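K.L.:
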Amino acid sequence: SRIIHKLEIPLSIPYQKVALARFLIVLGLFCHWVACFWAMTLNLGSDYEKHWYDVIEDPDDQRPHRVYVAAFYYACYTITSVGYGDITPKNVVERSVCSGILLASGLAWAYILGEVGA
6 SRIIHKLEIP LSIPYQKVAL ARFLIVLGLF CHWVACFWAM TLNLGSDYEK HWYDVIEDPD
66 DQRPHRVYVA AFYYACYTIT SVGYGDITPK NVVERSVCSG ILLASGLAWA YILGEVGA
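So for the sequence shown, the numbering used here puts the first residue at 6; every next one is plus one.
#1: For the alpha helix (DSSP H) containing Asp66, name the first residue and the last one.
#2: From His70 to Tyr78, what distance separates their C-alpha atoms?
#3: At what residues does the alpha helix (DSSP H) containing Val39 begin and finish?
#4: Within 8 Å, do at least three Cβ pairs link the stretch 51-71 to the stretch 106-117?
#5: Mapping the DSSP letters down to three states, classify Trp114 as helix, strand or coil.
#6: Between the Cα of Leu29 and the Cα atoms of Thr85, Val72, Val98, which residue gives the shortest distance?
#7: Let me know if Cys41 comes out buried or exposed under the rule of 16 or more other beta-carbons within 10 Å of its beta-carbon.
#8: Just to confirm, are Val87 and Ala44 a CB contact at a threshold of 8 Å?
#9: Among Val31, Ile18, Thr83, Ala75, whose alpha-carbon lies nearest the alpha-carbon of Leu47?
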């Protein structure tokens with residue numbers, strides 16, 4: 006906050022641009038955290054036969070960058086309420102995590118939009 010304030014005054018950056026930049030940074034970080042948490046369900050629910058990743062990719066090809074990109078895609082459309090529905094939870098662990106993600110996403114999205122609109 007102090008760093009942004011120190012840059013804002015000498016560079017004459019309008020508040021709207023600072024708010025938009027903050028919005029994009031917070032949204033990107035939140036999407037990253039949700040993506041990491043969603044990807045973690047592959048290990049948490051390893052006792053189950055079906056997983057969310059099996060539907061969109063080859064289940065045997067779980068290279069980290071492929072899992073992360075799929076999880077980040079899920080996080081982005083879940084947080085922004087687009088909800089395509091092509092990635093869905095397939096077991097109890099994933100449904101539990103997904104419920105928590107949906108609740109947190111609703112709160113985060115309301116906060117982010119409130120900050121930008123203020």
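Using N, Cα and C, we set each Cβ at its ideal position, and we do this for glycine too. All values derive from a computational prediction rather than experimental measurement.
P.N.:
So, to answer that:
#1: Your numbering for residue 66 matches position 61 in the sequence shown. DSSP places Asp66 outside any alpha helix (DSSP H), giving it a letter other than H or E.
#2: If you number the sequence shown from 1, residue 70 lands on position 65. If you number the sequence shown from 1, residue 78 lands on position 73. Those two C-alpha atoms are separated by around 12 Å.
#3: Counted from its first residue, the sequence shown places residue 39 at position 34. Annotation for Val39: the continuous alpha helix (DSSP H) segment containing it runs 20-49.
#4: Cβ pair count under 8 Å is below three, so no.
#5: Within the sequence shown, the letter at position 109 stands for residue 114. Correct three-state label for Trp114: helix.
#6: Here residue 29 is taken as the residue at index 24 of the sequence shown, counted from 1. Nearest C-alpha to Leu29: Thr85.
#7: Indexing the sequence shown from 1 puts residue 41 at position 36. In summary, Cys41 is exposed, with fewer than 16 beta-carbon neighbours lying within 10 Å of its beta-carbon over all protein chains present.
#8: As a working mapping, residue 87 is identified with position 82 in the sequence shown. As a working mapping, residue 44 is identified with position 39 in the sequence shown. No, the Cβ-Cβ distance between Val87 and Ala44 is not below 8 Å.
#9: Residue numbering aside, residue 47 sits at position 42 when the sequence shown is read from its first letter. The closest CA to that of Leu47, considering only Val31, Ile18, Thr83, Ala75, is found on Ala75.
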